[in-house]
Amino acid sequence: MSSRGLYIHIPFCRRKCIYCDFYSLADEGVQDEYTAAVIRNIRHFGGCFDTVYFGGGTPSLMSPENIARILDSADIVSGAEISMEANPDSVTHEKMCAYKSAGVNRVSLGIQSFDDGELSMLSRLHDGRGARAALSAVRGIFDNVSADLMLGLPFQKPSTVSDNIDILSGFGVQHISAYMLKVEEGTELSRREDLLSGIDDDVQADIYEGAVEQLSQRGYPQYEISNFARPGFECRHNLKYWHCEEYLGIGPAAHSFIGKRRFGVRGDIRSFMASPVMETFTTDDNAGGETERMMLALRLNEGCDVPPDVAQRAGRYIDAGFMTIDGTRLRFTVKGMLVSNEILSSLLM
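Heads up, the numbering used here is the position in the sequence shown plus 1438, with the first residue counted as 1.
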């Protein structure tokens, strides 16, 4: 059996950000019980893993001891990529050293911005100075560091994004995830008319295209719609999603793809901790077909080979500058990346 990816959802947060629709809640002193449930499920489902990703939530709120217990319970191959998301407000030198000793070898730091006004608007718990301090601490310990930036925020100026990129490249991070803001239904942001009025589609497009160009100039070529990396530092775990490879997701609201089955877990921490084995629901029992593989692969700059009928339908998007084709290999342009979901729905569905 080939190695899978392992995703572990850590649902704890100190405070909910106004744009976030991920499943999260306060710790409430259940961290040890939650860790035991994670370990129980890893042992039940089994498998050999060559990537592990602690996502959230805020995984850096977990004690290093519990992270170590989880990693010790899994069959992880030598040389595996073991990533953990961290928020700047929960970073300390001692804790990050302990995570490294536990086995973590890649940290993804949720910076989002270095601008105090933007951070306050997003209800982040750190400011620009705190972001720099956390980044300095993490870079001093880990050789593989990623940072998140948010693009297209309400009233955001292109100069702010440019400054953010310059700061990150100055710290020498190896990977940058630059996400366009998406207003998710049910979030606080979706109810804030004062902020929604400051989101302009044309400005967002200009900011995105400018960021892609600047990141490339700074040595971070784009390899996926929202991801940029120094050569050799692409996130191996996330590439499993886009290459349609198997992964096991553990925790409330986590999702998995094993065999031809995609399945999820209900977003309920109490149910997850109380069940001997997490209860799953099937989202697709015939997953991984050609159409799905093309949809996922086309998120990547490398694109994918497509059959003649798809190449023919793509002609109008190629003519409009949204896509390019070389032989049978179809790719999005930067312009096309911005509207990729709409194009893929039309092209493949």
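Positions of the beta carbon are idealized from the N, C-alpha and C atoms, including for glycine.
- Ala1524 is positioned such that its CB atom lies closer than 8 angstroms to that of Ser1498.
- Under the 10 Å beta carbon count, Leu1591 is surrounded by 16 or more other beta carbons and is classified as buried.
- Within the DSSP bridge table, the entry for Gln1660 names Phe1666 as partners.
- Restricting attention to alpha helix (DSSP H) runs no shorter than 4 residues, the segment 1494-1536 encloses them at 1502-1511, ordered along the chain.
- In this chain, the alpha helix (DSSP H) harbouring Ala1572 covers Gly1566 to Arg1577.
- For Val1641, the enclosing alpha helix (DSSP H) begins and ends at Asp1639 to Gln1655.
- Ranking Ser1597, Ser1600, Gln1594 and Phe1609 by CA distance to the CA of Val1583 puts Phe1609 first.
- According to the DSSP secondary-structure assignment, Ala1616 is paired through a beta bridge with Leu1587.
- By the Cβ criterion, the segment 1657-1669 is not in contact with the segment 1473-1484, since fewer than three pairs of Cβ atoms, one from each stretch, lie closer than 8 angstroms.
- When DSSP states are grouped into helix, strand and coil, Val1703 belongs to the strand group.
- By the neighbour-count criterion, in which 16 or more other beta carbons inside 10 Å mark a residue as buried, Met1588 falls on the buried side.
- The beta carbon of Gly1705 sits closer than 6 angstroms to those of Tyr1461, Pro1690 and Ala1691, all from its chain and outside the five residues before and after it, given in chain order.
- Across the structure, Glu1730 and Glu1651 are spaced so that their CA atoms are roughly 29 angstroms apart.
- Between Ala1712 and the set Thr1473, Lys1533 and Thr1489, the nearest pair of CA atoms involves Thr1473.
- Nearest in C-alpha terms to Glu1780, of all of Ile1505, Arg1737, Leu1557 and Ala1575, is Arg1737.
- Ile1756 has no beta-bridge partner at all, per DSSP.
- In the three-state reduction of the DSSP assignment, Tyr1472 falls in the helix class, which pools H, G and I.
- When C-alpha distances from Arg1562 are compared across Arg1452, Arg1754 and Gly1697, the shortest belongs to Arg1452.
- Per DSSP, Gln1750 is not a residue of any beta strand (DSSP E); the alpha helix (DSSP H) it occupies stretches across Pro1746 to Arg1751.
- Secondary structure note for Ser1694: its beta strand (DSSP E) is the uninterrupted segment His1693 to Ile1696.
- Arg1767 has Asp1743 and Asp1764 as its beta-bridge partners, per DSSP.
- Annotation for Arg1442: the continuous beta strand (DSSP E) segment containing it runs Arg1442 to Ile1448.
- Around the Cβ of Phe1719, a 10 Å sphere holds fewer than 16 other Cβ atoms; the residue is exposed.
- For Leu1606, there is no enclosing beta strand (DSSP E); the residue is part of the alpha helix (DSSP H) that begins and ends at Pro1596 to Phe1609.
- Taking Asp1743 as the centre and dropping the five residues before and after it, the same chain places the C-beta of Thr1766 and Arg1767 closer than 6 angstroms to its C-beta, in chain order.
- In the structure shown, the three-state DSSP call for Arg1544 is strand.
- Under the three-state reduction of DSSP output, Ile1781 falls in the helix class.
- Judged by pairs of C-beta atoms under 8 angstroms, the segment 1499-1508 touches the segment 1535-1542, as three or more such pairs exist.
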